[in-house]
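Colleague: Residue numbers (my numbering), protein chains in the order written: chain G, 124 to 354; chain A, 626 to 856; chain P, 626 to 856; chain D, 134 to 494; chain Z, 134 to 494. Have a look at this one.
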Amino acid sequence: DEITVFAAASMTNALAEIEENFEAETGHSLAISLAGSSALARQIQQGAPADIFISANPGWMDTLEQEGLLEPGTRFDLLNNSIVLIAAGDADPVEITPDLDLAALLGEGRLAMALVDAVPAGIYGKASLETLGLWDDVEAQVAQADNVRAALALVATGEAPYGIVYATDAAAEEGVTVVGTFLADSHPPIVYPAADLANRDVPAEAEFLDYLKGDEARAAFERQGFVVVAN
Amino acid sequence: MLDWLGPEEWAAVALSLRVAFWAVAASLPLGIFTAYALARWSFPGKQLLNGIVHLPLILPPVVTGYMLLLTFGVKGPVGGLLNEIGIVFAFRWTGAALAAGVMAFPLMVRAIRLSIEAVDVKLEQAGATLGASPLWVFLTVTLPMTLPGIVAGAILAFAKAMGEFGATITFVSNIPGQTRTIPSAIYAFLQVPGGESSALKLVLVSVTVAMAALLISEILARRVADRVGGK
Amino acid sequence: MLDWLGPEEWAAVALSLRVAFWAVAASLPLGIFTAYALARWSFPGKQLLNGIVHLPLILPPVVTGYMLLLTFGVKGPVGGLLNEIGIVFAFRWTGAALAAGVMAFPLMVRAIRLSIEAVDVKLEQAGATLGASPLWVFLTVTLPMTLPGIVAGAILAFAKAMGEFGATITFVSNIPGQTRTIPSAIYAFLQVPGGESSALKLVLVSVTVAMAALLISEILARRVADRVGGK
Amino acid sequence: MLSVDLHHAFSGFTLDAQFEAPPGLTVLFGASGSGKTTVINAVAGLLMPDRGRIAVGDWMLLDTGRGVRLKPHRRRLGYIFQEARLFPHLSVKQNLKYGAWFAPKDAPREDMGRVVELLGIGPLLERRPGALSGGEKQRVAIGRALLSAPRLILADEPLSALDETRKAEILPYFERLRDEVDLPILYVSHSASEVARLATTVVVMEDGKVVRQGAAAEILGDPDVLPMGAREAGAVLTVTVKTHHADGLTELDAGGEPLFLPQIAQGPGHRVRVRIAAHDVILSRSRPEGLSALNILSGVVHQVHRGEGAVIVAIDTGAGRVLARITLRSAQALELATGVAVHAIVKTVSVASSDIGAVGG
Amino acid sequence: MLSVDLHHAFSGFTLDAQFEAPPGLTVLFGASGSGKTTVINAVAGLLMPDRGRIAVGDWMLLDTGRGVRLKPHRRRLGYIFQEARLFPHLSVKQNLKYGAWFAPKDAPREDMGRVVELLGIGPLLERRPGALSGGEKQRVAIGRALLSAPRLILADEPLSALDETRKAEILPYFERLRDEVDLPILYVSHSASEVARLATTVVVMEDGKVVRQGAAAEILGDPDVLPMGAREAGAVLTVTVKTHHADGLTELDAGGEPLFLPQIAQGPGHRVRVRIAAHDVILSRSRPEGLSALNILSGVVHQVHRGEGAVIVAIDTGAGRVLARITLRSAQALELATGVAVHAIVKTVSVASSDIGAVGG
Ligand SMILES: Nc1ncnc2c1ncn2[C@@H]1O[C@H](COP(=O)(O)OP(=O)(O)OP(=O)(O)O)[C@@H](O)[C@H]1O
Ligand SMILES: Nc1ncnc2c1ncn2[C@@H]1O[C@H](COP(=O)(O)OP(=O)(O)OP(=O)(O)O)[C@@H](O)[C@H]1O
Ligand code: MOO
Ligand SMILES: [Mg+2]
Ligand SMILES: [Mg+2]
């Protein structure tokens, strides 16, 4: 069978590995469409021929669920992630507490984040800074990129001295140093939910969802720095 | 050489060529007609038509893509109708071509329109006195004299279609072999760590193809201009 | 009426207008020069120049934005130099204008070039025999006769600059009041479920502004054409 | 029969022209800017006049009152423009063939080879107009119009870019069109000899108005009109070919009087038109002897018309009315007055070959 | 003094022309397509010939051998193009002023008002070229070239689109340029009377080559050359104004012989040129009496030249050599041969006003 998977683009690498193994093992074939979670969700709303949706944004999954576009009972949280504060080049670690003088660290520089009201990584980052009481100090200095990778690039090129990105992205980028990790309770849980979509019934869908939960998939996700939700 | 790019990337290159070619080929007649109408006729709603033609340029591509999704998706008013007679754009390469064509349309029309406006009306009059009806005057005088502009418009549109991303991914997603064009593939690579080198390869392919097209168009246009100018 | 949009949106509208205006105004002289060189001179590397001019059209906007970041960022080779003499693009509206200008450049050049090619060389010769040096011939014959094309090119560029998103956000990110243009704002709204209506307002504003610009340009071009054609 | 009635106002110029052109060739004559091209453009349908009526016979091309406005391509014209207007993207040959394409299949056609040869454009057929000289362009434009199987020919100074030799070659062709093919022709010209030779009717325009119209002989021979300045006045006589002599002269019969011309093409019995320019006639009270001039027409002074610096004398001869332009001093010396008998001496060769035409419609 | 030596090959046409034009006005004469415009374009610098040298005096415009190729805008030309080439985006007035802008501030200038009046374009000044008639365009183009303070004038059939009256008004202006302003002028024309009147030198072209060049009188008066066909042959005499008579005649002194013309502008003592066309001369063995013709020149036959259908007789008179074109029959009847004494009868008015010119360089 052919299974069409709509997945957030931030999973490109992990899914490439999983695709190869899954196809070899089961003989099914996967077509994985990688785009922003919002674009994919809208397409699903408009009747896209997708079987599985993996979103980086629980909000969009909620929306689809409310509209009855998910196969009831198939939604589960696949991955966890964390957000970190990164600095350009080498830098000393800092402790991320309400006492952190982030504004002083930045000086004249910018704090690179994903869009703080629109893109999950930005939303989480803003929530953390608000919890810590730092947001008002730095708000004016935040440079919002349209996705996490672009925020990362701003720091990696040295254009912004600091940034807030996913731990998964930070780990792989040589030009940046992780100077601190935001505590998981300072922001809503960062989860990547997955679900079977209601529109079509391909028997192999369930097989693939099971595979995602399996050890091989877990290994692949972990190699890319994700934390797989224990279940 | 062939394994310099993986099969999926080759598929993206082939798809992009097909999409760009059809985007231009299919919209060219309408582009010429629209350009002619804007250049030579005056009719109520002309400025409105002119505005609509330019819309894809003015709006962020995501918006255009979203509007295409709402209109030409299987649930959309036009998409639904076309679906009944077997024409499907949604999540097909045809949809990618539609998106690219729409985005490139204003460029094509402008170029052709400028060329038409440059044709001396006195020559068209000469054609009319010799018995050619307006349609024949158009075909035998205006059109051939406009060829350099049509070539320029087509190539501009082709280049744009090769590079179009935002509207395409929003409308038809990013499905390998179906709608994953070079820009969409580049996007996916850029969303994950370590994807830059793969992205760069595709950028090079894309640039090479477009340069070749440009060069051919220059040679074509030169030849036409020589014919008109001298021997 | 004014509170139909929030102050942040109004700021985005004002900024977009400023960015688009300067993107066009500042690149117009270079655009005219480039168009003239491509239309009338032959020199080694002409096809290369032509290719470079078209690059922003061919490449996905993100790539162009990234290249701008690497070149014109404060750490970039050119950006660093300019920084020393006080010209900063990074995270400023000037950078947004640069990105928009670069993206719009091929459209502007094509339109102007077509118009220049349509100017009868015989009239330029007449100017030369009357004692006008090539520069003066250009200023007194070619340029005025090319005005409709220049207006067309400028307006095309303006429209493109109003709609430019990918390169801008990648290069200068999205800082309210600094670099948050209408398209960035629209994009942000579209990323979250339920953001469509806010996005729609901005789309309407954007369309209105661009239509007004178009209308003015049509009237201007008509007036110029009348002058050249008859009384 | 072409009938034209036009009213049109440009800013700064108003056209208000009515004329009826009987079958044959009608010359529009007038100073630069008098409205000739404007009239022709209206007939072609390229200018839509504010008000007007244009008909060829009972075929109505335009009648603004009744809302008839035939499109140019339905008017079946051969328009030779004042500026050649060749199609730059087509070769000379393709330009020539252009009109034939759109003509009805059964329309009478000129032969392409013949026209090409007549115009001397054979070597140019494969070139594009950009590589032609000014006169060559004009010749191709003439060919293009002639080969379009038109029902009406409009010619706006078709020969002005050409040298005398070439003109002399092309003129007979227009004559043939006028006479044999029987096409109505509207023809703009500044040259009196072209007018005399070709015109069936002359329409004189001044500042947008028709100030005079009539048969060519009448207009050119009327000392009161002299639309083209006194120098161009002259009589147009219709004569019959009598014999061709062995020494290269042709003897004509002008109402009983013999007239000698250098050999002409028409055979005995044919009627031809000759123009005798007023400034080429010498008058004498006594019959002169021993002159190289062979043509002496005897007659009686009809009228003595004093112009500026010169006198135009109209003499009724057996051949018709002849004009002579002489000085006031000579007129006084010869005591010329209405009724006086005089001899008009016409140098044989001053009746120039380009002033001879086959008699038309 | 303009010296030209050009070699250039188009596909299908080769130009190979050398000539030296002494000061004054040089007419390029030749059939359509003979290469006249090509020569003028090369002098203007608009055509870069394969090989060549062009110099005005010792001012070198082009010398391909030594790599000298002056740009057109440095040549200071007033080029009147065969097709007007007005700037469509400028008003007539702006077109006229265009060249003056770029001329050195101290260059001698024509007066704008005068030129405008001469050309009759006063009412058109605010219009754009698109709203002009063919002849109006050409007149503006002439004005534009004249007002650019040029050091060399190139005129490619500048008058061919104009009516006779207008031509007659503009011709004296070119004479004045030739004589008073002392500008070298290279002038293309098809009209023998224009040539006779204006030309200091005539250069005859045929198929890209210069086949003959010389002083105007020499070329036009040489029965062996007749480049323009026999009809155009004629003598050009230089004569002196004697008196203006009250009856509107001007008496001239032609080497002792009196010659009468309708009133001309030049005052007594001035030397002027008159052209006597060969076909306007009647010959007689005995001195004729009682004719309206006032001018009778006595002389001796220099040569009898048999052409096709006609004979050209060259007669040496006190006024200079005069040509007469007569029929073979008359030549035989009068028993004309070298050495025979004859009288040449020239109709006063057949020495047309446009054939009179002030004597140049
Ligand atoms: N670009 C070209 N390529 C080939 N042949 C050309 C080109 N330009 C001109 N010719 C040819 O050169 C010849 C001379 O042209 P030119 O314009 O000098 O003629 P001309 O003497 O001015 O004629 P006219 O009196 O008709 O204007 C013509 O036969 C013309 O066809
Ligand atoms: N579009 C226009 N607007 C205003 N005036 C015009 C327009 N077109 C022509 N005219 C004027 O109308 C008059 C007649 O022009 P037309 O072209 O008919 O003259 P013409 O008799 O053909 O002259 P020519 O012998 O010089 O070609 C001219 O004075 C011209 O300036
Ligand atoms: O894939 Mo995302 O939704 O742009 O982080
Ligand atoms: Mg005209
Ligand atoms: Mg020429």
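We treat Cβ as the ideally placed atom computed from N, Cα and C, and that holds for glycine. Nothing here was measured: the structure is a model prediction, and the numbers come from that model.
Would you tell me roughly how many angstroms separate the C-alpha atoms of Z:Asp449 and Z:Ala350, rounded to the nearest one?
Modeller: If you number the fifth sequence from 1, residue 449 of chain Z lands on position 316. If you number the fifth sequence from 1, residue 350 of chain Z lands on position 217. Their Cα atoms are separated by approximately 14 Å.
Colleague: Quick one, which of Z:Leu461, Z:Val434, Z:Gly166 and Z:Lys226 has its alpha-carbon nearest Z:Val473's?
Modeller: The residue you call residue 473 of chain Z lines up with position 340 of the fifth sequence. Selected option, being the one with the closest Cα: Z:Val434.
Colleague: Going by Cα to Cα distance, which pick from D:Thr471, D:Ile459, D:His141 and D:Ile173 is closest to Z:Ser425?
Modeller: As a first step, residue 425 of chain Z must be located in the fifth sequence, where it is residue number 292. Minimum Cα distance to Z:Ser425 is reached at D:Ile459.
Colleague: Run down chain A in chain order and give the residues with a C-beta less than 7 Å from the C-beta of D:Gly232.
Modeller: Taking the first residue of the fourth sequence as position 1, residue 232 of chain D is located at position 99. Going along chain A in sequence order, the residues near D:Gly232 (Cβ under 7 Å) are Leu755 and Gly756.
Colleague: Give the list of continuous alpha helix (DSSP H) stretches no shorter than 4 residues that lie fully inside the stretch 761-791 of chain A.
Modeller: 768-788, all fully within the stretch 761-791 of chain A.
Colleague: Closer than 8 Å by beta-carbon distance: list the chain C residues that pair up with P:Ser740, in chain order.
Modeller: Any reference to chain C falls outside this structure, whose protein chains are G, A, P, D and Z.
Colleague: So which of D:Asp289, D:Arg299 and D:Gly347 has the shortest CA-CA distance to D:Gly166?
Modeller: As a working mapping, residue 166 of chain D is identified with position 33 in the fourth sequence. For D:Gly166, the nearest C-alpha among the options comes from D:Asp289.
Colleague: So A:Leu682 and A:Val727 are in contact, right, with Cβ under 8 Å, and what is the actual spacing, rounded?
Modeller: Position 57 of the second sequence, counted from the start, is the residue given in the question as residue 682 of chain A. Position 102 of the second sequence, counted from the start, is the residue given in the question as residue 727 of chain A. The Cβ separation is near 10 Å, so there is no contact.
Colleague: Indicate whether at least one CB of chain Z lies closer than 8 Å to the CB of P:Val797.
Modeller: Working through the third sequence from its first residue, we reach residue 797 of chain P at position 172. For P:Val797, the answer is no, since every Cβ of chain Z falls outside 8 Å of its Cβ.
Colleague: Are P:Ala810 and P:Glu634 touching if we call contact CB-CB under 8 Å?
Modeller: Counting from 1 along the third sequence, the entry for residue 810 of chain P is found at position 185. Counting from 1 along the third sequence, the entry for residue 634 of chain P is found at position 9. In this structure, P:Glu634 lies closer than 8 Å to P:Ala810 by Cβ.
Colleague: Please report the residue range of the alpha helix (DSSP H) in which Z:Gln465 lies.
Modeller: Stepping through the fifth sequence from its first residue, residue 465 of chain Z is reached at position 332. Segment Leu461 to Ala466, the alpha helix (DSSP H) holding Z:Gln465.
Colleague: Along the chain, where does the beta strand (DSSP E) containing Z:Glu422 start, and where does it finish?
Modeller: The residue given as residue 422 of chain Z occupies position 289 in the fifth sequence. Neither: Z:Glu422 is in no beta strand (DSSP E) and is coded neither H nor E.
Colleague: What is the chain-ordered set of residues for which the beta carbon lies under 6 Å from any non-hydrogen atom of ligand 4?
Modeller: D:Lys169, D:Thr170, D:Gln215, D:Asp289, Z:Ser266 and Z:Gly267
Colleague: Using CA coordinates, which residue listed in P:Val687, P:Gly690, P:Ala660 and P:Tyr691 is at the minimum distance from P:Gly676?
Modeller: Sequence index remark: in the third sequence, residue 676 of chain P carries index 51 (1-based). The residue from P:Val687, P:Gly690, P:Ala660 and P:Tyr691 with its alpha-carbon nearest to that of P:Gly676 is P:Ala660.
Colleague: Is there a C-beta anywhere in chain D that falls below 8 Å from the one on Z:Asp296?
Modeller: Sequence index remark: in the fifth sequence, residue 296 of chain Z carries index 163 (1-based). Z:Asp296 counts as touching chain D.
Colleague: Got a sec: which bits of the stretch 787-814 of chain A sit with their beta carbon under 7 Å from any beta carbon on chain P, in order along the chain?
Modeller: Per Cβ criterion, the list reads Met787, Gly788, Phe790, Gly791, Pro808, Ile811 and Tyr812.
Colleague: Taking the alpha-carbon of Z:Arg260 as reference, which of Z:Asn228, Z:Val248 and Z:Arg247 has the nearest alpha-carbon?
Modeller: Taking the fifth sequence and counting its residues from 1, one reaches residue 260 of chain Z at position 127. Comparing alpha-carbon positions, the option among Z:Asn228, Z:Val248 and Z:Arg247 lying closest to Z:Arg260 turns out to be Z:Asn228.
Colleague: Are the CB atoms of Z:Leu533 and Z:Arg418 nearer to each other than 8 Å?
Modeller: No statement about residue 533 of chain Z is possible, as the shown extent of chain Z runs from 134 to 494 and does not include it.
Colleague: Answer with buried or exposed for G:Thr220, where buried requires no fewer than 16 other C-beta atoms within 10 angstroms of its C-beta.
Modeller: Within the first sequence, the letter at position 97 stands for residue 220 of chain G. Exposed is the call here.
Colleague: Using Cβ-Cβ distances below 9 Å, what residues of the stretch 276-292 of chain G are close to chain P?
Modeller: Flagged, chain order: Ala276, Leu277, Thr280, Gly281, Glu282 and Ala283.
Colleague: What would DSSP say about G:Phe199, mapped onto helix, strand or coil?
Modeller: Taking the first sequence and counting its residues from 1, one reaches residue 199 of chain G at position 76. It is a strand residue.
Colleague: Which chain Z residues sit within Cβ distance under 7 Å of P:Trp761?
Modeller: What you label residue 761 of chain P is simply residue 136 of the third sequence in a count that begins at 1. The answer, in chain order, is Phe235.
Colleague: Listing by chain order, which chain P residues have their CB less than 7 Å from the CB of G:Gly182?
Modeller: Position 59 of the first sequence, counting from 1, holds the residue named residue 182 of chain G. What G:Gly182 touches in chain P: Val817 and Pro818.
Colleague: Would you kindly report the start and end of the unbroken beta strand (DSSP E) that includes Z:Leu392?
Modeller: Along the fifth sequence, read from residue 1 onward, the residue named residue 392 of chain Z stands at position 259. For Z:Leu392, the enclosing beta strand (DSSP E) starts and ends at Glu390 to Pro395.
Colleague: Taking 8 Å as the threshold (C-beta atoms), are Z:Leu158 and Z:Leu295 in contact?
Modeller: On the fifth sequence, position 162 is the one that residue 295 of chain Z refers to. On the fifth sequence, position 25 is the one that residue 158 of chain Z refers to. No, these two residues do not count as a Cβ contact at 8 Å.
Colleague: Taking Cβ to Cβ, would you say D:Leu370 is nearer than 8 Å to D:Val414?
Modeller: Working through the fourth sequence from its first residue, we reach residue 370 of chain D at position 237. Working through the fourth sequence from its first residue, we reach residue 414 of chain D at position 281. In this structure, D:Leu370 sits away from D:Val414, with a CB-CB distance that is not shorter than 8 Å.
Colleague: Cα separation between P:Ile807 and P:Leu640?
Modeller: Counting from one through the third sequence, the residue named residue 807 of chain P turns up at place 182. Counting from one through the third sequence, the residue named residue 640 of chain P turns up at place 15. So the alpha carbons of these two residues sit roughly 8 Å apart.
Colleague: Which residues in chain Z sit within 7 Å of P:Leu748, going by Cβ to Cβ distance?
Modeller: Working through the third sequence from its first residue, we reach residue 748 of chain P at position 123. Within 7 Å Cβ-Cβ: Arg218 and Phe220.
Colleague: Going by Cα to Cα distance, which pick from D:Tyr231, D:Ala217, D:Glu250 and D:Val249 is closest to D:Pro262?
Modeller: Start at 1 with the first residue of the fourth sequence, and residue 262 of chain D comes out as number 129. Selected option, being the one with the closest Cα: D:Ala217.
Colleague: Among residues of its own chain, excluding the 5 on either side of Z:Gly268, which ones have a beta-carbon nearer than 8 Å to its beta-carbon?
Modeller: By 1-based counting over the fifth sequence, the position of residue 268 of chain Z is 135. Cβ neighbours of Z:Gly268 beyond the five flanking positions: Ala294, Leu295, Asp296 and Arg299.
Colleague: Could you work out which residues of chain D lie near Z:Gln215, taking near to mean beta carbons separated by less than 8 Å?
Modeller: Mapped onto the fifth sequence, residue 215 of chain Z falls at position 82. Per Cβ cutoff of 8 Å: Gly267 and Ala294.
Colleague: Under a CB-based cut-off of 8 Å, is A:Val699 close to chain G?
Modeller: Residue mapping note: residue 699 of chain A aligns to position 74 of the second sequence, counting from 1. Chain G, which has a Cβ nearer than 8 Å to the Cβ of A:Val699, makes this yes.
Colleague: For P:Val746, count neighbouring Cβ atoms within 10 angstroms of its own Cβ and tell me buried if that reaches 16, exposed if not.
Modeller: As a position in the third sequence, residue 746 of chain P is number 121, starting the count at 1. Looking at its Cβ environment, which holds fewer than 16 other Cβ atoms inside 10 Å, P:Val746 is exposed.
Colleague: Quick one: Cα of Z:Met361 to Cα of D:Gly163, how far?
Modeller: As a working note, residue 361 of chain Z is residue 228 in the fifth sequence. As a working note, residue 163 of chain D is residue 30 in the fourth sequence. Residue placement at Z:Met361 is flagged as unreliable, the pLDDT there being 49, under the threshold of 50; a coordinate-derived value is accordingly withheld.
Colleague: Taking only runs that begin and end inside the stretch 254-327 of chain G, name each unbroken alpha helix (DSSP H) of 4 or more residues, in chain order.
Modeller: 258-261, 271-279 and 290-295
Colleague: Less than 8 Å separating the beta-carbons of G:Trp183 and G:Ala164?
Modeller: Taking the first sequence and counting its residues from 1, one reaches residue 183 of chain G at position 60. Taking the first sequence and counting its residues from 1, one reaches residue 164 of chain G at position 41. Remark: C-beta atoms of G:Trp183 and G:Ala164 approach each other more closely than 8 Å.
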